[in-house]
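First comes the structure, then the notes that go with it.
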Amino acid sequence: MKTLVILFNIFLIGNLWSAEHYDVTCNQGDCFKHGWTMTARKGGYKLFSSCKNSDCKTYGWESLDSKGDKFEVYCTGKKCFEKGWSSFNTIGKKVYKDKATCRHKNCLKYGWTVKTGYDKMGGNVTCGNYDCSKYGGVAFWRGRASKTTCTLQSCYTKGWTLTIY
Numbered sequence: 058m059k060t061l062v063i064l065f066n067i068f069l070i071g072n073l074w075s076a077e078h079y080d081v082t083c084n085q086g087d088c089f090k091h092g093w094t095m096t097a098r099k100g101g102y103k104l105f106s107s108c109k110n111s112d113c114k115t116y117g118w119e120s121l122d123s124k125g126d127k128f129e130v131y132c133t134g135k136k137c138f139e140k141g142w143s144s145f146n147t148i149g150k151k152v153y154k155d156k157a158t159c160r161h162k163n164c165l166k167y168g169w170t171v172k173t174g175y176d177k178m179g180g181n182v183t184c185g186n187y188d189c190s191k192y193g194g195v196a197f198w199r200g201r202a203s204k205t206t207c208t209l210q211s212c213y214t215k216g217w218t219l220t221i222y
């Protein structure tokens with residue numbers, strides 16, 4: 058048993074050491090109206106997101122990162138955080154599609170599930186204390202675990218930090 062605990066701790070420390078950290082800030086203090094900017098703490102990577110028609114909740118958003126990859130998000134029934142959304146991520150010449158569906162018709166309270174067109178794993182996002190906007194959440198998506206922590210308990214006005222393990 059002692060050996061198992063030691064091996065687990067070595068695994069945990071190794072994953073924490075290799076984790077990727079990102080800081081996200083809301084543009085003009087409102088992520089759902091003006092979008093957001095995500096920056097890697099180690100430098101070199103940035104992602105710029107803007108809301109379609111100045112309304113991410115209704116119309117979705119577009120993102121472009123510093124590698125030239127593009128993201129297009131379309132709300133389902135003009136209700137992204139009640140019904141979900143479709144996401145198209147263009148990396149080079151490949152397009153990856155995700156379909157997010159809100160749990161109990163409220164993504165920002167209960168999280169969402171993701172079906173992908175490129176693997177069978179999909180993904181899940183669970184809100185912390187039933188409030189993603191205040192407490193962030195945990196996710197497993199595209200084969201990796203991650204944690205989101207809101208800045209000053211206000212993700213969608215102050216931003217958040219993202220740690221991918």
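Going by the working numbering, the residue at position 61 of the sequence shown is 118; the numbering climbs one at a time, nothing skipped. Just so you know, even glycine gets a beta-carbon here, dropped at the ideal spot from N, CA and C. As the structure is a computational prediction, the values presented were derived from the model and not from experiment.
Inter-residue Cα distance where the pair is K124 and Y175: Here residue 124 corresponds to residue number 67 of the sequence shown, with the count starting at 1. Here residue 175 corresponds to residue number 118 of the sequence shown, with the count starting at 1. Going by the C-alpha atoms only, they are around 21 Å apart.
Check whether the Cβ atoms of G193 and T82 lie closer than 8 Å to each other. Counted from its first residue, the sequence shown places residue 193 at position 136. Counted from its first residue, the sequence shown places residue 82 at position 25. Not in contact: G193 and T82 (Cβ atoms no closer than 8 Å).
Find out if the Cβ-Cβ distance for the pair Y222, A76 is shorter than 8 Å. As a working mapping, residue 222 is identified with position 165 in the sequence shown. As a working mapping, residue 76 is identified with position 19 in the sequence shown. Their beta carbons are under 8 Å apart, which means Y222 touches A76 by this criterion.
Relative to the alpha-carbon of Q210, which residue among N186, T147, S107 has its alpha-carbon at the smallest distance? In the sequence shown, counting from the first residue as 1, residue 210 sits at position 153. By alpha-carbon distance to Q210, the top candidate from N186, T147, S107 is N186.
On the three-state DSSP scale, how would you describe Y213? If you number the sequence shown from 1, residue 213 lands on position 156. Reduced to three states, the DSSP call for Y213 is helix.
Classification of S111 by the beta-carbon crowding that lies within 10 angstroms, buried from 16 upward: Here the question's residue 111 lines up with position 54 in the sequence shown. Around the beta carbon of S111, a 10 Å sphere encloses fewer than 16 other beta carbons of the protein chains shown; the residue is thus reported as exposed.
Relative to the C-alpha of G105, which residue among Y153, D87, F128, R199 is closest? Taking the first residue of the sequence shown as 1, we reach residue 105 at position 48. A small correction: the amino acid at residue 105 is Phe; Gly does not occupy that position in the sequence shown. It is F128 whose Cα lies nearest to the Cα of F105.
Leaving out the 5 sequence neighbours to the left and right, which residues in its chain are closer than 7 Å to Y131 when beta-carbon positions are compared? Position 74 of the sequence shown holds residue 131. Cβ neighbours of Y131 beyond the five flanking positions: G117, W142, S143.
Mapping DSSP to helix, strand and coil, what is N66? Translated into the one-based positions of the sequence shown, residue 66 becomes position 9. Low confidence applies here, because N66 scores a pLDDT of 43, under 50, leaving its location unreliable and the question unanswered by this model.
DSSP state of R201, grouped into three classes? Start at 1 with the first residue of the sequence shown, and residue 201 comes out as number 144. For R201, the secondary structure class from DSSP, reduced to helix, strand or coil, is strand.
Alpha-carbon to alpha-carbon, M95 and F68: Counted from its first residue, the sequence shown places residue 68 at position 11. Counted from its first residue, the sequence shown places residue 95 at position 38. Low confidence applies here, because F68 scores a pLDDT of 45, under 50, leaving its location unreliable; read the following figure in that light. Spanning the two alpha carbons is a distance of roughly 28 Å.
Residue environment, V152, which counts as buried when at least 16 other CB atoms sit within 10 Å: Looking up residue 152 in the sequence shown gives position 95. The residue in question, V152, is exposed, as its Cβ has fewer than 16 Cβ neighbours within 10 Å.
Out of K150, G168, G149, which has the shortest C-alpha to C-alpha gap to K140? As a working note, residue 140 is residue 83 in the sequence shown. Considering only K150, G168, G149, the residue with the shortest C-alpha distance to K140 is G168.
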